[in-house]
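Structure, as C-alpha cells:
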Amino acid sequence: MNAPERTPMSLLPLVPLPVSLAADGSAPFRLDAGATITGDADAAATLARLLEVRTGIAPAHAESGAIVLRRSPGGTAESYRLTVDAASVVVTAPDAAGLFYGVQTLGQLVAQGDAGFVIPAATIQDAPRFTYRGVMLDVARHFFPVETVKAYIDRAASLKFNALHLHLADDQGWRIELASRPALTEVASGTSVGGDPGGFYTKADYRELVAYAAARHMIVVPEIDVPGHTHAVGLAYPELGEAPVISEEIRQTVRDYGGELPTPRTPYEGMAVGFSSLKIHDEATYDFLADVFGELAGMTPGPYLHVGGDEALGTAPDDFAEFMRRVTALVADLGKTPIAWHEAGSAAGLDEQTIGQYWGLRTPTDGMDEKARAFVRNGAQLILSPADAIYLDMKPSAESELGLTWANGPTSVERAYAWDAAEIIEGIDERDILGIEAPMWSETLRTLADLDAMAFPRIAAAAEAAWSVPLGTDALRAWESFRDRAGALAPLWRSMGVALPASDEVAWTAG
0 MNAPERTPMS LLPLVPLPVS LAADGSAPFR LDAGATITGD ADAAATLARL
50 LEVRTGIAPA HAESGAIVLR RSPGGTAESY RLTVDAASVV VTAPDAAGLF
100 YGVQTLGQLV AQGDAGFVIP AATIQDAPRF TYRGVMLDVA RHFFPVETVK
150 AYIDRAASLK FNALHLHLAD DQGWRIELAS RPALTEVASG TSVGGDPGGF
200 YTKADYRELV AYAAARHMIV VPEIDVPGHT HAVGLAYPEL GEAPVISEEI
250 RQTVRDYGGE LPTPRTPYEG MAVGFSSLKI HDEATYDFLA DVFGELAGMT
300 PGPYLHVGGD EALGTAPDDF AEFMRRVTAL VADLGKTPIA WHEAGSAAGL
350 DEQTIGQYWG LRTPTDGMDE KARAFVRNGA QLILSPADAI YLDMKPSAES
400 ELGLTWANGP TSVERAYAWD AAEIIEGIDE RDILGIEAPM WSETLRTLAD
450 LDAMAFPRIA AAAEAAWSVP LGTDALRAWE SFRDRAGALA PLWRSMGVAL
500 PASDEVAWTA G
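FYI, in this note's numbering the residues of the sequence shown are 0 to 510.
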C-alpha cells in the first residue's frame with residue numbers, strides 16, 4: 000500500500016490504526032432505520048448484528064442499498080478498502096476476512112450525533128502487518144464455560160485478531176474430552192486453582208467453539224503443554240508421570256500464594272510451576288501423546304497444534320531435548336505445524352517446521368533470546384508474547400485485586416503499547432516473525448468480568464502491535480494517539496457488554 004495519508008480530522012476512534020486514513024470533515028453518512036445493506040451475505044449479517052448492538056438499528060439485506068459490501072479481486076489477504084460519504088458506505092476486499100475486518104472498522108466509526116447515528120466521511124485502505132494475530136486463554140488454571148469463551152472470541156475478533164490459542168491442560172486440570180483417553184476428563188478435570196470448580200469441553204463443545212471462531216475468521220490453536228505442566232495427566236494415568244520435583248522456588252510460591260505442595264495422585268490446586276514431568280523414557284508416554292495429539296488434530300481444522308515445552312524444570316536437559324524432538328515430529332507427521340514455547344529452542348533435533356513462541360521479557364534475560372533465535376536458525380518463525388508488555392493477566396496497577404506481578408511488576412497500558420516486535424530480540428527482523436499473541440493466564444481470574452478488567456484496554460494495544468505499522472513510523476502510531484482512540488471506543492465496547500475497568504491512563508468516552 001501507499002505511504003500513510005493523514006489529514007487534520009484523521010484522529011478517529013480506530014484501533015488498530017489503519018495503514019491509510021483520510022477524513023476531510025465533509026458531510027457524514029446518516030444511519031437510520033431505512034438503511035439497507037447489499038453485497039456479501041455473511042459480511043452483511045455481521046454488520047447488521049454489529050449495528051443493531053451499537054445503535055438499535057438493524058439494516059436489512061437487500062439487492063440494492065447505500066451500504067455496499069463486496070469482494071473485489073486484487074490486494075493482499077485480509078486487506079480492505081472503506082469509503083464513506085454522505086450518500087454511501089462501500090467496503091471492498093479480496094477475501095471474506097478482509098470484508099469482515101472492514102466491517103469491524105466501520106463499526107468503530109459509528110458515532111452518535113445530535114440528530115442520530117452517523118458514520119464520518121472517510122477513505123481507508125488497510126492491511127495487516129503480521130499474518131498471525133493471536134490471543135491466548137488459559138482454561139486450565141480456571142475453567143471458563145463455552146459462552147464466556149465465545150464472548151472473548153467476539154472481543155478479540157472485533158480488534159482483528161485471527162487466532163485463539165486455548166491452553167487446555169495444566170497441573171490443575173485437563174479441559175478437553177478425548178474418546179481415546181476418557182480418564183483424562185473423568186478423573187483430572189474437576190479442580191482449579193484455589194479449589195474452585197473445574198470442568199471440561201465435550202467434543203461437541205469444542206466443535207462449537209471452532210465453528211464460532213471460524214465464523215469470525217479466527218482459527219483455534221489447542222495447546223497440550225508437555226512434558227511439564229502435566230500433574231493432571233498423572234491423576235488419570237499415574238504410570239505416565241514422574242514424582243513432583245520440589246525446589247525452593249516451589250516452596251516459596253506456596254509461601255507467597257498459599258495452598259499445599261504437590262503430591263502424587265492428589266489434585267493440585269496451587270500456583271507453583273515446574274515440578275511435574277511425563278516419563279521421558281517410557282514408550283507408553285509416546286503412545287499416550289499419539290492418542291492425544293492424533294485425536295486433537297482430527298478435531299482441529301486449523302494448521303497448528305501447540306505442544307508447550309515451557310518450564311519443564313523437573314526434566315533433565317538431555318531428556319527434554321529427546322522429548323521435544325519426538326513430540327514435534329509426532330505433530331508434524333499428523334500434518335500439523337507444531338508450536339512450542341521458546342524454551343524448546345534449546346532442544347536439538349526439533350522438527351524444522353516448529354514455530355517458537357517467545358514469552359520472555361522485552362529485554363531478554365537468561366538466554367531466552369538465544370533459545371528463540373534457534374527456531375529461526377532452524378528455518379521457522381517466531382510468535383512474540385513479551386510477558387512484561389502483553390501478558391494480559393499481569394496487574395495493570397499495584398492496586399489491582401486481580402493479576403500477578405512477576406513480569407517486571409504491574410504492566411501499565413502505556414508499557415503494553417510502547418514496544419515493537421522487530422526490536423525485542425537481536426538478530427530477529429520482521430520476516431522472522433509470524434506474529435503477535437497476547438496471553439491471558441487465569442490463576443486469579445474466574446469470570447468474564449475478570450477477563451474484561453484485565454484485557455481492556457491492553458488487548459487493544461496488542462492488536463495494534465499485531466496489525467498496524469511499526470511503532471513510531473506514523474505520527475498516529477504513538478501512545479498519545481492510541482490512548483485517545485482507545486478511550487473513544489468505550490461506547491462501542493460497552494454496547495458489546497464489555498465491563499470497562501477504571502483507568503488512570505485512558506479517559507473513557509461517555510455514552
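For each residue, glycine too, the CB sits at the ideal point set by N, CA and C.
All of these numbers come straight from a predicted model, not from anything done at the bench.
Here the alpha carbon of P469 sits roughly 24 Å from the alpha carbon of N407. Secondary structure of R53 (DSSP, three-state): helix. Burial state of H305 is buried, judged by a 10 Å Cβ sphere holding 16 or more other Cβ atoms.
For R250, the enclosing alpha helix (DSSP H) starts and ends at E247 to Y256.
Judged by beta-carbon spacing, I279 lies beyond the 8 Å limit of D224, meaning their Cβ atoms are not closer than that value. Two segments are said to touch when three or more pairs of C-beta atoms, one from each, lie closer than 8 Å; by this definition the segment 410–430 does not touch the segment 106–120.
Ranking F322, G197, L488 and T184 by CA distance to the CA of R445 puts G197 first. When DSSP states are grouped into helix, strand and coil, H305 belongs to the strand group. Straight-line measurement puts the Cα of I175 at about 5 Å from the Cα of Y200.
Between L105 and L11, the beta carbon gap of about 11 Å keeps them out of contact (Cβ cut-off 8 Å). The three-state reading of DSSP puts I152 in helix, counting H, G and I together. Collapsing the DSSP output to three states places L491 in a helix.
In the three-state reduction of the DSSP assignment, D137 falls in the strand class.
As summarised for the segment 413–467, the continuous beta strand (DSSP E) elements at least 3 residues long and confined to that stretch are 432–439, given in chain order. Of the residues F274, Q380 and I435, the one whose Cα lies closest to the Cα of T314 is F274. Counting along the chain, no alpha helix (DSSP H) covers I123; the unbroken beta strand (DSSP E) around it starts and ends at A121 to D125. In this structure, DSSP gives E222 an extended state, which the three-state scheme calls strand. The bridge partners DSSP lists for Q111 are F116.
Pairing D204 with V145 gives a Cβ-Cβ distance under 8 Å. Judged by DSSP secondary structure, A203 falls within the alpha helix (DSSP H) whose first and last residues are K202 to A213. A distance below 8 Å separates the beta carbons of E442 and V192. Our two residues, E463 and P316, have alpha carbons roughly 37 Å apart in a direct line. In this structure, the beta-carbon distance from D41 to A95 falls below 8 Å. Within its own chain, the residues whose Cβ lies closer than 6 Å to the Cβ of K394, once the five positions on either side in sequence are excluded, are G402, T404 and P409, listed in chain order. Excluding the 5 residues flanking it on each side, R29 has same chain C-beta neighbours closer than 7 Å at G115 and V117, in chain order.
Sixteen is the threshold: when 16 or more other Cβ atoms of the shown chains lie within 10 Å of the Cβ of E342, as they do, the residue is buried. With a contact defined as Cβ atoms closer than 8 Å, G227 and L312 qualify at about 7 Å.
The C-alpha of D195 lies about 26 Å from the C-alpha of L295. The beta carbons of Y285 and M270 sit no closer together than 8 Å. Counting along the chain, no alpha helix (DSSP H) covers L349, and no H or E run does either. Here the alpha carbons of A155 and Y357 stand approximately 21 Å from one another. Taking all protein chains in view, the Cβ of S87 is surrounded by fewer than 16 other Cβ atoms within 10 Å, so the residue is classified as exposed. Bridge partners of R80 according to DSSP: T91 and Q124.
Bounds of any beta strand (DSSP E) do not take in T284; it lies within the alpha helix (DSSP H) bounded by E282 to M298. For V14, no alpha helix (DSSP H) run applies, since DSSP gives it neither H nor E. A339: member of the beta strand (DSSP E) spanning T336 to W340, first to last residue.
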